[in-house]
Every structure is written in C-alpha cells, then in structure tokens.
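Protein chains in written order, with our numbering: chain A, 1 to 230; chain B, 1001 to 1230.
Written below as structure tokens is the structure these notes are about.
There are 2 protein chains.
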Amino acid sequence: MFVNAYREGLGTDMPEHPAPRRRQARGERRISQLLQAAADVFCANGYTATSTNAIAREARVSPGTLYQYFPNKEAIAIELGGRLIHQMREAHGQVFTPANMALPLPELVDAVLDPMIEFNCSNPAFLALMHGSDVPGRIAEEHDELHASLLGQVRALIGARAVPAPSAEELDRIADMAFAVFKGGLALIVAAPEGPTRGAAVAELKKVMLRYLAPVFGEPEAAVTTTPTR
Amino acid sequence: MFVNAYREGLGTDMPEHPAPRRRQARGERRISQLLQAAADVFCANGYTATSTNAIAREARVSPGTLYQYFPNKEAIAIELGGRLIHQMREAHGQVFTPANMALPLPELVDAVLDPMIEFNCSNPAFLALMHGSDVPGRIAEEHDELHASLLGQVRALIGARAVPAPSAEELDRIADMAFAVFKGGLALIVAAPEGPTRGAAVAELKKVMLRYLAPVFGEPEAAVTTTPTR
DNA sequence: GGATAACGCGAGCGATCACTCGTGTTTGCC
DNA sequence: GGCAAACACGAGTGATCGCTCGCGTTATCC
C-alpha cells in the first residue's frame, strides 16, 4: 500500500529491517498530491504520453521532489494502480455478501452495479490505467487478478441462482458476457455528463442486465416489465 | 485514401496540380507493407509507445525509406486509421439496406452484428487505434464522425421498428446503450481465441442484444426463446 | 538550540526518438 | 543504352524525456 518499493538501501547490510525510512506527514501529503496529479495526467494523455515532468508540474512540484518519493515513472503508475485496485477490492468486498446474494434479481442488479458504477465515476483514472495497452506489465498482472476475482464472484453468484443450472461452459460464457456487457455500458455511463443523463444511462444498463439475466435466473416475466425508478 | 499529405512541393508555383508525384508499383507495395507493419506494432504497443524505427524494422525497411512515404509518425496513424475507417464504412454501408431493415429481429441482429464482428476480428488494429487516449486528434475526429454515423443508423433502425414508438430521448438512450453494450461484447469476442469459443461468445452477445431489444420491438416472446445455432 | 535527517529545488546528463541528408540503386521512358 | 526520377539506405542531428546531483530549507528529537 505504501511506497515500499523506494528503499535507498542498496547495501548488503540490514537484511531484516531494510532502512525503515521515517516519512513525515508532509511527505505522505506530497505522495497523495503526486498520485492525484498523476491520475489526472494519465487519464488525459495515457501512460506513455505522460512525462514525469508533466506530473510534477501538475502537482506544483519540482522533478527532483517527485523522484524523492518514486524511484521511476513506472512506480508511480504501479502505486496509483495498486491503490485504486485496493479501493475497488474493498468496494466489491461489501457487495457479494450472503444477504445480497439472496435478493430478487432487480435488487440484486442494483446492489452489484451501483457500487461499481459509483467507483468508476469517481475514479476515472482506474479505467484509463487498466485499459491502456501501454501500461507497465505489473499493473496488467494486478488487474488480471482483480478481473479474475470479480469474474469468479459473478460466476459463483449466477451459478448459485441460475434455473435450470447451466453447464460449466455455459456458466463461464454467461458470466464473461455479463461482465463484458457491463463494462461496455459502464464506458457509456462514465462518458455521460453527470446528472439526469448519467442516471438514465445507469437505468438503461440495468435494463440490459435484467433482460439478459432474467431468463437465466428462471424469471422470464422480469424480462419485459420495466424497473420502477426508485 | 492515398498518401496525399506527402507533397514535396513547398514552392509557390503549381497551384493547380501540386507535383503529382508519380508513384511506382513498388512504392504502393511499400506503403501497404509499412501500414501493415504499423498496424501490428500499434496494436501491440499503442500509438505513443511505438517508435517509427520499430515500424520500419517490422517492415524490414530502413527509417529513411519510411520517411519517403510518410512525412511524420502521425501521418502513418492517420493514413492507417483512414483506410480502416473507409473499409468499415464500406462494410456497414451494405448492412443498413431496406431489405435488412424489414427482417425479423433475430435475423436483423445477425445481419447487423456479423459484418461488424467479422471486420473487427480481422482488423484488430482498428479498435486499438480508435480506442487509445493518446492517438492524434485527427483520428479521434474521424472516428467520432464514424461513430455518430453508425449511431444514427442504429437510431433510425430502432426508431422505425420500435413498438410503441419511443420518445426522442428514449430512442437516443436505447441506441446509445445498444451500441455501447455491443462494443463491450465485441471486446470479449475479439479477445477470445478463434474457433468454437469465439463462436459461442458471438451467440451469447446476440442473446444479450435480442433480449434487450425484443421488448423494444414489441416482441416479448423473443426475449426468452434461444436463437437456434445456424 | 543544536544535530540529524527528511524535504524541496532545478539545472543538467545520458539515452532515446522523430526525422534528415548524402549517396547509391532500381525503374520507366525515349 | 542512356537519362531522369523514384526508391532505398543508415549514420547522424536536434529535441525531448527520464532521471540525478548538489545544495539550501524545514521538521523532529534530545
């Protein structure tokens, strides 16, 4: 979670506690400030096209200061990506609870989609950083893990509720497609301006998910009825 | 369509025919070869992270040769993007025909989706080039035009067939969401390995579209029935 | 208040990249 | 065959970028 990669101890001594680098409160603030700036610039220009000097400039800080907290450009993206992934894990950890798993389908869709949408709307850098083809490999790995974890939970949820129970291959296909379709709709939602437009897009995406999953869940009637706006 | 941006005539004379640059067959072949190489490398590394020397190397050609046909790196991406967009326009021009517009919903989904999927599977550089946040602005503009054009045809199609007729805002929302959901599913399909896996993903995406659009088209029964695999 | 170390700076260094240029080779045309 | 022009080359050039280093400032601990 912290910037542990930056240890100045290149020596062979201190094998146990590797120079614990007491960080002052000011330093922690600078790190957050730099990561926020990096998120903005990465989001606007992508990883490769972003220069470290541009990040420092955005954070109103000199390049030297930036490199006091991060050993290189990649470490900035890794730390930022790590924090975002951690937040995402925390958010979705509270989603797949036994109580939610038993909800009727429309409420279940609300319970699963809303936190994800909320997170991605408040953290646009997440999609920008995870989706680029030029991000450092480490981020791609962590993102793959997160993706697999989310997919597993979706698969478990659908597998537990689907009527009749699908085969393993069918279950994989359904979970993969549900997730992919959600990501497509999410991109539209994030791109929409905040306000009623975005709210309408959210409701529309939920219609898609509901109509797709209702037959899977053995609730064909839900495919036609419209979700009452809460 | 051709590499028109590359005109060596910086002089003030020849206002009409600006140095027509007779190109030999060999040159045309080189251009295609360079664009193919650029497509591969852009696809693998993204636009910014790709060096012109890497494109030349991929095409088994010296950097100087590359710059005989393209004035700069951006022009390579623009020409490649332009050709892909042109192909895409040709493909979808044959999709929204009056005959197809009258098809029953399942066949309509087949007729619209299949060419798009086919094109994107054979030209993975298209998505890579259009979707990146670091592509030159010119490409983004052309892509926006194409996107708006496609969206307009989808909107017209849904507007003509929807029962009961939706309001203008509803129609916009439905067309936007249908397109966004399709793009999400398309990403899954392109990422899937060729063969039965991909075919199953295509069938699954069609289920999503069918179940979403059936109520819009006033065919609620189609939401439940599975599409027979052809 | 003094010692120590974290913090902050910005000019500058080496590497890399987009791009050029001088020269030699191949092709099309008479 | 001979000439002009298109084609091909690859070492080299200026600019940019990631990153460093030396030095001055601020916070913490006794």
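Where is the CB? At the ideal position from N, CA and C, for every residue including glycine.
| Candidates B:Gly-1027, B:Thr-1097, B:Lys-1183, B:Thr-1052, of which the one nearest B:Met-1130 by Cα | In the second sequence, residue 1130 of chain B corresponds to position 130, counting from 1. If we check each option's Cα against that of B:Met-1130, B:Lys-1183 comes out closest.
| query | Skipping 5 residues on each side, what residues in its chain have a beta carbon closer than 8 Å to that of B:Gln-1087? | reply | Taking the first residue of the second sequence as position 1, residue 1087 of chain B is located at position 87. For B:Gln-1087, where only same-chain residues beyond five positions count, the Cβ hits under 8 Å are Phe-1119, Asn-1123.
| field | Proximal residues of chain A, C-beta to C-beta of B:Ala-1048 below 8 Å | value | Reading the second sequence from its first residue, position 48 is the one you call residue 1048 of chain B. The identity of residue 1048 of chain B in the sequence shown is Thr, whereas the question assumes Ala. Neighbours of B:Thr-1048 on chain A, chain order: Gly-46, Thr-48, Ala-49, Asp-134.
| request: Any chance you could list the alpha helix (DSSP H) runs of at least 4 consecutive residues sitting entirely within the segment 74 to 159 of chain A, in chain order? | output: 98 to 101, 105 to 122, 124 to 131
| task | In the DSSP assignment, find the alpha helix (DSSP H) that holds B:Val-1181 and state where it starts and stops. | result | Locating residue 1181 of chain B in the second sequence gives position 181, counting from the first residue. Start and end: 1168 to 1191.
| request: Determine the closest residue to A:Met-116 out of A:Leu-210, A:Met-101, A:Glu-79, A:Leu-186, with distance taken between C-alpha atoms. | output: Residue 116 of chain A sits at position 116 when you count from the first residue of the first sequence. The option with the nearest alpha carbon to A:Met-116 is A:Leu-186.
| said: Between A:Val-208 and chain B, is any beta-carbon pair separated by less than 7 Å? | reply: To locate residue 208 of chain A, count along the first sequence from 1; it is residue 208. So yes, A:Val-208 belongs to the interface.
| query | chain B partners of A:Gly-81, CB-CB under 9 Å? | reply | For the purposes of this step, residue 81 of chain A is identified with residue 81 of the first sequence, where counting begins at 1. Residues of chain B passing the Cβ test: none, with the nearest at roughly 16 Å.
| request: Would you mind telling me which residues of chain A sit closer than 7 Å to B:Leu-1188, beta carbon to beta carbon, in chain order? | output: Stepping through the second sequence from its first residue, residue 1188 of chain B is reached at position 188. Residues of chain A passing the Cβ test: Asp-176, Met-177, Ala-180.
| task | Check whether the Cβ atoms of A:Phe-42 and A:Thr-52 sit closer than 7 Å, and answer yes or no. | result | Looking up residue 42 of chain A in the first sequence gives position 42. Looking up residue 52 of chain A in the first sequence gives position 52. Their beta carbons are not under 7 Å apart, which means A:Phe-42 does not touch A:Thr-52 by this criterion.
| message | Pop quiz: B:Gly-1081 and B:Glu-1141 are said to be a contact at Cβ under 8 Å. What is the actual Cβ separation, rounded to whole angstroms? | response | Mapped onto the second sequence, residue 1081 of chain B falls at position 81. Mapped onto the second sequence, residue 1141 of chain B falls at position 141. Not confirmed; about 10 Å, so no contact.
| field | Host alpha helix (DSSP H) of B:Thr-1052 (start-end) | value | Within the second sequence, residue 1052 of chain B is the residue found at index 52, counting from 1. Segment 1052 to 1058, the alpha helix (DSSP H) holding B:Thr-1052.
| If we ignore side chains and look at the alpha-carbon of each, how far apart do B:Asp-1144 and B:His-1092 end up? | Along the second sequence, one-based indexing puts residue 1144 of chain B at 144. Along the second sequence, one-based indexing puts residue 1092 of chain B at 92. Answer to the nearest angstrom: the Cα atoms are 16 Å apart.
| task | Report yes or no: do three or more beta-carbon pairs, one from the segment 91 to 109 of chain A and one from the segment 200 to 218 of chain A, lie closer than 8 Å? | result | yes
| Among A:Tyr-47, A:Ile-189, A:Leu-146, which has the Cα closest to the Cα of B:Ala-1178? | Start at 1 with the first residue of the second sequence, and residue 1178 of chain B comes out as number 178. Answer by Cα proximity: A:Ile-189.
| query | Thinking C-alpha only, which one of B:Phe-1070, B:Glu-1194, B:Ala-1037 is nearest B:Arg-1060? | reply | In the second sequence, the residue the question calls residue 1060 of chain B occupies position 60. Of the candidates B:Phe-1070, B:Glu-1194, B:Ala-1037, the one whose C-alpha sits nearest the C-alpha of B:Arg-1060 is B:Ala-1037.
| field | Expected contact under 8 Å - CB spacing of B:Gly-1132 and A:Gly-46 to nearest Å | value | Working through the second sequence from its first residue, we reach residue 1132 of chain B at position 132. Working through the first sequence from its first residue, we reach residue 46 of chain A at position 46. That pair is a contact at about 7 Å.
| request: Give the DSSP-derived three-state secondary structure of A:Asn-45 in the structure shown. | output: On the first sequence, residue 45 of chain A is found 45 positions in, with the first residue counted as 1. It is helical.
| query | Quick one: which chain B residues come within Cβ less than 7 Å of A:Lys-183? | reply | As a first step, residue 183 of chain A must be located in the first sequence, where it is residue number 183. Here the neighbours are Gly-1184.
| A:Val-154 and B:Val-1181 look like a contact to me (Cβ under 8 Å); what is the Cβ gap, rounded to whole Å? | Within the first sequence, numbered from 1, the residue matching residue 154 of chain A stands at position 154. Within the second sequence, numbered from 1, the residue matching residue 1181 of chain B stands at position 181. With a Cβ gap of about 16 Å, A:Val-154 and B:Val-1181 do not count as contacting.
| In three-state terms, what does DSSP make of B:Gly-1064? | Against the second sequence, residue 1064 of chain B aligns to sequence position 64. In the structure shown, B:Gly-1064 sits in a helix (DSSP, three-state: H, G or I).
| query | Any heavy atom of the ligand MN closer than 6 Å to the Cβ of B:Asp-1144? | reply | The model depicted lacks the ligand MN and carries no ligand whatsoever.
| query | Along chain B, in chain order, which residues have C-beta atoms closer than 9 Å to that of A:Leu-205? | reply | Locating residue 205 of chain A in the first sequence gives position 205, where the first residue counts as 1. Those within 9 Å of A:Leu-205 in chain B are Met-1177, Ala-1180, Val-1181.
| request: Could you tell me the boundaries of the alpha helix (DSSP H) in which B:Pro-1196 lies? | output: Residue mapping note: residue 1196 of chain B aligns to position 196 of the second sequence, counting from 1. Its alpha helix (DSSP H) spans residues 1196 to 1216.
| query | Within 7 Å (strictly less), CB to CB, does A:Gly-9 reach chain B? | reply | Your numbering for residue 9 of chain A matches position 9 in the first sequence. Note that A:Gly-9 scores 38 on pLDDT, short of 50, meaning its location in the model is unreliable and no value can be drawn from it.
| message | Quick check on the burial criterion: 16 or more other C-beta atoms within 10 angstroms. Buried or exposed for A:Arg-23? | response | Locating residue 23 of chain A in the first sequence gives position 23, where the first residue counts as 1. Classification of A:Arg-23: exposed, given that the 10 Å Cβ count is below 16.
| Taking DSSP as the reference, what is the three-state secondary structure of B:Ala-1165? | Position 165 of the second sequence holds residue 1165 of chain B. Note: B:Ala-1165 maps to coil in three-state DSSP.
| C-beta contact flag for B:Leu-1171 and B:Gly-1159 at 7 Å | The sequence position of residue 1171 of chain B within the second sequence is 171, counting from 1. The sequence position of residue 1159 of chain B within the second sequence is 159, counting from 1. It is a contact, given that the beta carbons lie within the stated cut-off.
| Closer than 9 Å at the beta carbon, the chain B residues around A:Ala-201 | Along the first sequence, read from residue 1 onward, the residue named residue 201 of chain A stands at position 201. The answer, in chain order, is Arg-1173, Asp-1176, Met-1177, Ala-1180.
| request: Report all residues from its chain with a CB closer than 8 Å to the CB of A:Ala-201; omit the five preceding and five following residues, and keep chain order. | output: To locate residue 201 of chain A, count along the first sequence from 1; it is residue 201. Excluding residues within five positions, the ones whose Cβ falls inside 8 Å are Gly-185, Leu-188, Ile-189, Ala-192.
| task | Mark B:Val-1163 as exposed unless 16 or more other C-beta atoms lie within 10 angstroms of its C-beta, in which case mark it buried. | result | Locating residue 1163 of chain B in the second sequence gives position 163, counting from the first residue. Looking at its Cβ environment, which holds fewer than 16 other Cβ atoms inside 10 Å, B:Val-1163 is exposed.
| task | Mind listing the chain B neighbours of A:Ala-128? Cutoff is C-beta to C-beta under 8 Å, in chain order. | result | In the first sequence, counting from the first residue as 1, residue 128 of chain A sits at position 128. Within 8 Å Cβ-Cβ: Ser-1133.
| message | Buried or exposed, going by whether 16 or more other CB atoms sit within 10 Å of the CB of B:Ala-1148? | response | Position 148 of the second sequence, counting from 1, holds the residue named residue 1148 of chain B. By the neighbour-count rule (16 or more Cβ atoms within 10 Å), B:Ala-1148 is not buried but exposed.
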